[in-house]
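Asks:
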Amino acid sequence: MKKIRLLFLPVVVLLITSCSSVKVMTDYDTKADFKDYKTFAFYKTGIDKAQISDLDKKRIMRAIETELLAKGMTKSATPDVLVSLFTKSRERININDNNYGWGMGYGWGWNPWMWGGANRLDVNQYTEGTLFLDIIDAKNKELVWQGIGTGALSSSTSMERKEERIKEFVAKIMAEYPPKANK
């Protein structure tokens, strides 16, 4: 019985870690010269439109600032780029049909003609959030880079865990800035 439990452990670990991942996509203006962008400021007009709490906006902006400072940029009143953000969220349902047992020629594992074993349906509801980070050329007022991160939002009421999740989203998105071809 211990061997069976050990076989299912990697599957459980994979499911737990896959729920915490952030999927990132980016897009950028191939004509923009990202080497010229050395200073930044936040685009208040854009950030004010984001439909999240002011506390979460502050958390996201602090995480962005940390990432940009680590890349050698500086915050300025006369910036090269403006940083804006907006968010979306939606409810998601994840259904896992865990039909496993033994029987007709299949040995251990899934079996539609199962004799024994177990048939368990797991339904999990969660909120999926998407964070959009925009880098705007301050002189031309044109979007030059956009990073999009999507992942499950933490249902934890712990402020520390919430802040860590926000940092994870921002770090994974900002890891793609500036684009590799224009570094």
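Mapping of the sequence shown onto mature numbering (1 follows the signal peptide of the UniProt record, and there is no 0): residues -24 to -1, 1 to 159, in sequence order. Beta carbons: idealized from backbone N, C-alpha and C, even for Gly. As the structure is a prediction and not an experimental result, all values here were calculated from the model.
#1: Decide if the region 117 to 124 is in contact with the region 134 to 142; the criterion is three or more beta carbon pairs, one per stretch, under 8 Å apart.
#2: Taking only the alpha-carbon atoms, compute the straight-line gap between Ser60 and Phe10 and give it to the nearest angstrom.
#3: Taking a contact to mean a Cβ-Cβ separation below 7 Å, would you say Phe18 touches Met37 in this structure?
#4: Given a threshold of 16 other Cβ atoms within 10 Å of its Cβ, counted over all protein chains shown, does Gly48 qualify as buried or as exposed?
#5: Spatial neighbours of Arg35 within its chain, please: C-beta separation below 7 Å, excluding the five flanking residues on both sides.
#6: Which ranges does the alpha helix (DSSP H) cover as unbroken runs of at least 4 residues, wholly within the region 2 to 74, from first to last along the chain?
#7: With distances taken between CB atoms, is the gap from Thr15 to Thr50 smaller than 7 Å?
#8: May I ask you to report which of helix, strand or coil DSSP gives Leu(-18)?
#9: Going by beta-carbon coordinates alone, are Leu119 and Phe145 separated by less than 7 Å?
#10: Look at the alpha carbon of Ile111 and the alpha carbon of Arg96, and state the distance between them as a whole number of angstroms.
#11: Terminal residues of the continuous beta strand (DSSP E) containing Glu118?
#12: Whose C-beta lies closer than 6 Å to the C-beta of Arg137 among residues of the same chain, with five residues either side of it excluded?
#13: I'd like the span of the alpha helix (DSSP H) that includes Lys138, first residue to last.
#14: To the nearest angstrom, how far is the alpha carbon of Ala114 from that of Ile71?
Replies: Once the coordinates are examined:
#1: A contact between stretches requires three or more CB pairs, one per stretch, nearer than 8 Å, and the region 117 to 124 fails this requirement with the region 134 to 142.
#2: Locating residue 60 in the sequence shown gives position 84, counting from the first residue. Locating residue 10 in the sequence shown gives position 34, counting from the first residue. It is roughly 17 Å from the alpha-carbon of Ser60 to the alpha-carbon of Phe10.
#3: Indexing the sequence shown from 1 puts residue 18 at position 42. Indexing the sequence shown from 1 puts residue 37 at position 61. Between Phe18 and Met37, the gap from beta carbon to beta carbon is short of 7 Å.
#4: Residue mapping note: residue 48 aligns to position 72 of the sequence shown, counting from 1. Per the 10 Å Cβ criterion, exposed.
#5: The residue given as residue 35 occupies position 59 in the sequence shown. These residues qualify, in order along the chain: Glu139 and Ile142.
#6: Fully enclosed alpha helix (DSSP H) runs of no fewer than 4 residues occupy 20 to 24 and 30 to 46 of the region 2 to 74, in order along the chain.
#7: In the sequence shown, residue 15 corresponds to position 39, counting from 1. In the sequence shown, residue 50 corresponds to position 74, counting from 1. A contact, by the Cβ cut-off of 7 Å.
#8: Position 7 of the sequence shown, counted from the start, is the residue given in the question as residue -18. Residue confidence is low: Leu(-18) scores 39 on pLDDT, short of 50, so the model does not pin down where it sits. Its coordinate-derived value is still stated next. In the structure shown, Leu(-18) sits in a helix (DSSP, three-state: H, G or I).
#9: Along the sequence shown, one-based indexing puts residue 119 at 143. Along the sequence shown, one-based indexing puts residue 145 at 169. Contact: no.
#10: Here residue 111 corresponds to residue number 135 of the sequence shown, with the count starting at 1. Here residue 96 corresponds to residue number 120 of the sequence shown, with the count starting at 1. Cα-Cα distance, rounded: 46 Å.
#11: For the purposes of this step, residue 118 is taken as residue 142 along the sequence shown, with counting starting at 1. Segment Glu118 to Ala128, the beta strand (DSSP E) holding Glu118.
#12: Locating residue 137 in the sequence shown gives position 161, where the first residue counts as 1. Result list for Arg137: Ser130, in chain order.
#13: Sequence index remark: in the sequence shown, residue 138 carries index 162 (1-based). Under the DSSP assignment, Lys138 falls in the alpha helix (DSSP H) whose first and last residues are Met135 to Met150.
#14: Within the sequence shown, numbered from 1, the residue matching residue 114 stands at position 138. Within the sequence shown, numbered from 1, the residue matching residue 71 stands at position 95. Rounded to whole angstroms, Ala114 to Ile71 spans 45 Å at the Cα level.
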